[in-house]
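Numbering (this note's numbering), first residue to last: 108 to 551.
Input: a single structure, listed below in structure tokens.
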């Protein structure tokens, strides 16, 4: 099966990425992970601080309604992500990966810092939640092109036989960002009283995004554009309207569907684990905030080791085989994991989270690379960012809200696990129809 886009060009091959030295690849990976770290650090601290943010910006609501409102604002950023994908994708395919990613990291850093500066509801009334919503939308818009663009940046520099492993390091950055955000939130919560935390302490993690953004922007400005985009630009093969090109023809839609099959298993699982779970452990299992965040940090640390291992495995056994193993892992392990989580004991809760971490790590390691491998260079940013953005809006950002809602409606703490299983079944089915892309050159 032809896995390239209908919009392709006949041109000399791009410079061989395998000939790049190790120091160049390290700079590329450092540049790519910098912005991805900031993006997911923000999501981590918002999810971890959701109960406090609920009181600061929705103080007059019922506690459950306030928490749902805070998670709804969290989800709003994901609503903006498809728009961000449709905006940044074409920009990245027209002006290049490097310049686009530099603009993205600047925008998301500014928005995150400004969230830490918003006066609460008691100070400025309804303007407070309105400003929160606006800044979350700005974050979502900028995030719509970040991780897929960063993955493309690494993939177009990487040797064919190491592409899965090297791109998976971006997902290590996402988990490291969540763990760092959780550690920062836990440290602030442990050092401050509840009153101080509610009054001003929650702002500290958001303000730290400022210096992070400055460092990340500096790193990105110091690396070279990808060989693939340089080749397309040199041959005057840049598409004038990448979005139109990406959405034209049955083949492109089919490739978007195949990319979606790889993206899907990580959508609900990652945000369920890293964003919803701290609140779940506190509210349903009655753990303290500090204990809940510490449990998630332990699970995330294990995940950081597992992700590159599965990334390397995707290069060895192929993307399709790992997708099937991932889906099977969720189907088999999710229910036992939630049984252990609901035991109310610290040790069994950690074991339960580890059972969720393993398939989640496999899903993370095997989503970005096979997704971008479906598209030719001149629409790669657009096709992958648009597909990823739509899915993360529908399933990733809504995961905390849907999970909270399902527990309230059904009265069962197992409901999020059933929801998770249902979301991976379509990917298992599609894995038997998609073509293999591992260890092959990226489509021109």
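The C-beta atom is built at its ideal place from N, Cα and C for all residues, glycine as well.
Within 10 Å of its beta-carbon, does residue i have 16 or more other beta-carbons around it, so buried, or fewer, so exposed?
i, result
"residue 452", "exposed"
"residue 220", "buried"
"residue 498", "buried"
"residue 629", "Outside the shown range of the chain (108 to 551) lies residue 629, about which nothing can therefore be said."
"residue 272", "buried"
"residue 536", "exposed"
"residue 203", "buried"
"residue 376", "buried"
"residue 167", "exposed"
"residue 564", "No statement about residue 564 is possible, as the shown extent of the chain runs from 108 to 551 and does not include it."
"residue 335", "buried"
"residue 205", "buried"
"residue 264", "buried"
"residue 130", "exposed"
"residue 486", "buried"
"residue 357", "exposed"
"residue 231", "exposed"
"residue 539", "exposed"
"residue 149", "buried"
"residue 556", "One cannot answer for residue 556 here, as it falls past the ends of the chain, which runs 108 to 551."
"residue 310", "buried"
"residue 378", "buried"
Please work out which residues of its chain come closer than 8 angstroms, Cβ to Cβ, to residue i, disregarding the five sequence neighbours upstream and downstream, and give them in chain order.
i, result
"residue 411", "279, 282, 283 and 286"
"residue 391", "449, 514 and 520"
"residue 528", "437, 438, 441 and 442"
"residue 397", "293, 296 and 297"
Between which residues of its own chain and residue i is the CB-CB distance below 7 angstroms, once the five residues before and five after are set aside?
i, result
"residue 197", "349, 350 and 489"
"residue 201", "345 and 349"
"residue 292", "152, 155, 156, 312 and 400"
"residue 178", "157, 507, 508 and 511"
"residue 136", "261, 273 and 276"
"residue 317", "216 and 220"
"residue 191", "247, 248, 249, 250, 251, 252 and 496"
"residue 429", "417, 420, 421, 469 and 473"
"residue 234", "none"
Can you tell me whether residue i is helix, strand or coil according to DSSP?
i, result
"residue 515", "helix"
"residue 539", "coil"
"residue 346", "coil"
"residue 451", "coil"
"residue 112", "For residue 112, the pLDDT reaches just 39, beneath the cut-off of 50, and the residue's location in the model is therefore unreliable, although a value from the coordinates is still provided. Of the three classes helix, strand and coil, the one that applies to residue 112 here is coil, per DSSP."
"residue 544", "coil"
"residue 359", "helix"
"residue 482", "coil"
"residue 332", "coil"
"residue 436", "helix"
"residue 445", "helix"
"residue 521", "coil"
"residue 221", "helix"
"residue 505", "coil"
"residue 233", "coil"
"residue 227", "coil"
"residue 308", "helix"
"residue 252", "coil"
"residue 463", "helix"
"residue 318", "helix"
"residue 533", "helix"
"residue 425", "coil"
"residue 120", "With a pLDDT of 46 at residue 120, under the threshold of 50, the modelled position of this residue cannot be trusted, and the question is left open."
"residue 550", "coil"
"residue 430", "helix"
"residue 354", "coil"
Looking only at its chain, what residues have a beta carbon closer than 6 angstroms to the beta carbon of residue i, apart from the 5 residues adjacent to it on each side?
i, result
"residue 249", "211, 214 and 215"
"residue 381", "285"
"residue 238", "225"
"residue 458", "447"
"residue 373", "470, 471 and 474"
"residue 218", "242, 245 and 246"
"residue 160", "177"
"residue 455", "447"
"residue 319", "145"
"residue 255", "491, 492 and 495"
"residue 174", "161"
"residue 365", "481 and 541"
Every unbroken alpha helix (DSSP H) within the segment 374-419, with a cutoff of 4 residues, ordered by chain:
384-390
Enumerated in chain order, which unbroken segments of the alpha helix (DSSP H) with a length of 4 residues or greater are wholly contained in the segment 261-304?
270-298
If you scan the segment 138-213 from start to end, which runs of the alpha helix (DSSP H) of 4 or more residues do you find wholly inside it?
Within the segment 138-213, the complete alpha helix (DSSP H) runs of at least 4 residues are 157-164 and 170-202.
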